[in-house]
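Those letters in the sequence shown? Residues 575 to 974, per our numbering, in order. Glycine included, each C-beta is placed from N, C-alpha and C at the ideal position. Predicted model, so just to flag it, every value in this text is computed and none were measured. To keep things clear, I will list the structure first and then write my remarks on it.
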Amino acid sequence: MRDASPETPQATASPAIDAHGLVKRYGALEAVAGIDLEVPRGMIYAILGPNGAGKTTLMRLLATLARPDEGTAQVMGHDLATDPDGVRGSIAMTGQFASLDEDLTGRENLIFLARLWGFGRQAARQRADELFAAFELTEARNRQVKDYSGGMRRRLDIAASLIVTPGVLFLDEPTTGLDPTARLRVWKMIRQLAQSGVTVLLTTQYLEEADQLAERIAVIDRGAKIAEGTSRELKAATGSGFLHVTLSDPKRIDAAAELLEARLDSPVQRAPEGARLSVMAKTPEAANAAIAALVAEGLALEDFAMGSPSLEEVFFALTGGAPSAEPEDAESDAAAHTGTDGDAGSAGDARSDADSDLRTDTRSGSGTSSGSAPSSNLTSSANVDADTTPSPDSPQKART
Ligand code: ATP
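Now the structure itself:
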């Protein structure tokens, strides 16, 4: 098994990711503005932030797809600046949309990738079938990828990045655009991967995803890390005094929000549906007075409670903005995503080509030493291993 294996002696020596002061500028914009990150091995770690916060850029830096302007980082003990091949040999990356050949079947795609990785004909078929079984896609394996639903496609994309088991799997918004069922399936896969020892760094805009999956969460906004901890720690740090009220008459929600904001001197958050408001109250007395004021104004309450904030409220309190809404519908959304968002390293990346030389580096780098790594793999599902030829007999941690 390669050095990327989470179980090698080296594996216990250092964190999976150890980054200090990472900065990435695009012109005047600091997409990543001095981020430190330490991710222990085998952990699911979430980078949570709104659109444009710098999540993808941070991941691209750590995956050697973009070069930091400042800062240092080690991934699985390999230095980003001095040993980028070592980094590439330890990671796999799945972007915001899949870059598989639409006209091939799912199985043909995986066999093709496994062959590029150096698997023999029979071993490649076997590995493809193992992954289909692990990702609950066996029934769809002989369908053309263009006929896959968004959820199936996303799972196939993740499977494609696990032909050879990485030390760290980077997942850029793995469930964006998926419906709840498809999302649960992807979560299950991610949990299984982590249980098998793979470190998972995922970006997400969904608080629930971070809450459900990640042992630790870094909240980033405008390129900077503004909080970090377990979901529980983040909630505790925001304060436990949240007043939640539900109005009897939803039409009066604006008046109630205005009153609460003025009384408690804190921004009021509205639930996406219904007449529920949440606001931080510094003391129970302040909360009581605010409730009394609502009632005095004739704003009757159906329900009220004091309690800890949800992760959503934490996010709001930290970033000063509402988190993005949950995706509405899914599979079609995912298709709409394809080709519009910038997949990390996608050849079709519509963004500035500031890193294009690096991308070229990366591709050739991933194919050099073993001569078997697919040159396009880093740009699609980005599974790279420059140091060793994968053995079909290697125990595959992705298996369920
Ligand atoms: P999203 O959730 O929308 O994917 P994000 O948190 O991943 O957002 P990034 O994609 O990292 O955010 O972008 C951070 C900022 O950097 C944005 O303002 C973006 O427009 C800018 N940016 C990212 N890549 C480039 C590039 N190659 N050239 C110029 N600007 C870029």
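- DSSP places Leu743 inside the beta strand (DSSP E), whose first and last residues are Val742 to Asp746.
- Around Gly660, the same chain offers His652 as residues with beta carbons nearer than 6 Å, after the five sequence neighbours per side are excluded.
- Note that the stretch 752-760 does not touch the stretch 597-606; fewer than 3 beta-carbon pairs, one per stretch, sit closer than 8 Å.
- Within the chosen limit of 8 Å, the ligand ATP does not reach the beta carbon of Glu802 with any heavy atom.
- Inclusion of Gln779 in the 8 Å shell around the ligand ATP follows from its C-beta lying nearer than that to a non-hydrogen atom of the ligand.
- Distances from the CA of Asp795 to each of Leu873, Asp828 and Thr893 were compared; the closest alpha carbon is that of Thr893.
- Of all C-beta pairs linking the stretch 762-779 to the stretch 592-601, fewer than three are shorter than 8 Å, placing the two stretches out of contact.
- Annotation: the continuous beta strand (DSSP E) that includes Thr778 extends over Thr773 to Thr778.
- Residue range Ile827 to Leu838 is occupied by the alpha helix (DSSP H) that includes Leu833.
- In this structure, Phe709 sits away from Arg727, with a CB-CB distance that is not shorter than 9 Å.
- Excluding residues up to 5 positions away in sequence, Gly815, Phe816, Leu817, Leu838, Ser840, Ala861, Ala864 and Met880 lie with their Cβ nearer than 8 Å to the Cβ of Ala855 in the same chain.
- The beta-carbon separation of Glu887 and Thr820, rounded to 15 Å, does not stay under the 8 Å limit for a contact.
- Distances between the C-beta of Glu886 and the heavy atoms of the ligand ATP are all 8 Å or more.
- Using a C-beta cut-off of 8 Å, the stretch 620-632 makes contact with the stretch 782-801, since at least three inter-stretch Cβ pairs fall below that distance.
- C-alpha of Ser664 to C-alpha of Gly616: approximately 13 Å in a straight line.
- Relative to the non-hydrogen atoms of the ligand ATP, the Cβ of Tyr619 never comes closer than 8 Å to any of them.
- For Leu892, the enclosing alpha helix (DSSP H) covers residues Leu885 to Thr893.
- For Val742, the closest C-alpha among the options Ser770, Ala655 and Tyr722 is that of Ser770.
- For Gly645, the uninterrupted beta strand (DSSP E) run begins and ends at Glu644 to Val649, by DSSP.
- For the pair Leu690 and Gln718, the CB atoms are not nearer than the 9 Å cut-off.
- The alpha carbon of Ser884 has as its nearest neighbour, out of Glu832, Ala829 and Asp785, the alpha carbon of Asp785.
- Straight-line measurement puts the Cα of Ala734 at about 9 Å from the Cα of Ala702.
- Secondary structure note for Phe686: it is in no beta strand (DSSP E), and the uninterrupted alpha helix (DSSP H) holding it is Gly680 to Leu690.
- When Ala707, Glu835, Ser822 and Gly725 are compared, the shortest CA-CA separation from Val869 is found for Ser822.
- Assigned with DSSP and collapsed to three states, Thr631 falls in helix.
- Gly881 sits in a strand when the DSSP states are folded into three classes.
- In this chain, Thr656 is not harboured by any alpha helix (DSSP H), its DSSP state being neither H nor E.
- Straight-line spacing of the CA atoms in Gly645 and Pro754 works out to 38 Å.
- Closest in alpha carbon position to Ala810, among Gln843, Glu871 and Ala891, is Ala891.
- Residue burial is scored here from C-beta neighbours: Gly694 has fewer than 16 other C-beta atoms within 10 angstroms and is therefore classed as exposed.
- At a threshold of 8 Å, Gly694 does not count as near the ligand ATP, since its beta carbon sits no closer than that to any of the ligand's heavy atoms.
- According to DSSP, residue pairing for Lys809 in a beta bridge does not occur.
- Straight through space, the alpha carbons of Pro824 and Phe686 are spaced by roughly 57 Å.
- Scanning its chain for C-beta atoms nearer than 7 Å, with the 5 sequence neighbours on each side dropped, one finds around Pro614 the residues Pro589 and Ala590, in chain order.
- A residue is called buried once 16 or more other Cβ atoms fall within 10 Å of its Cβ, and Ala607 is buried on that count.
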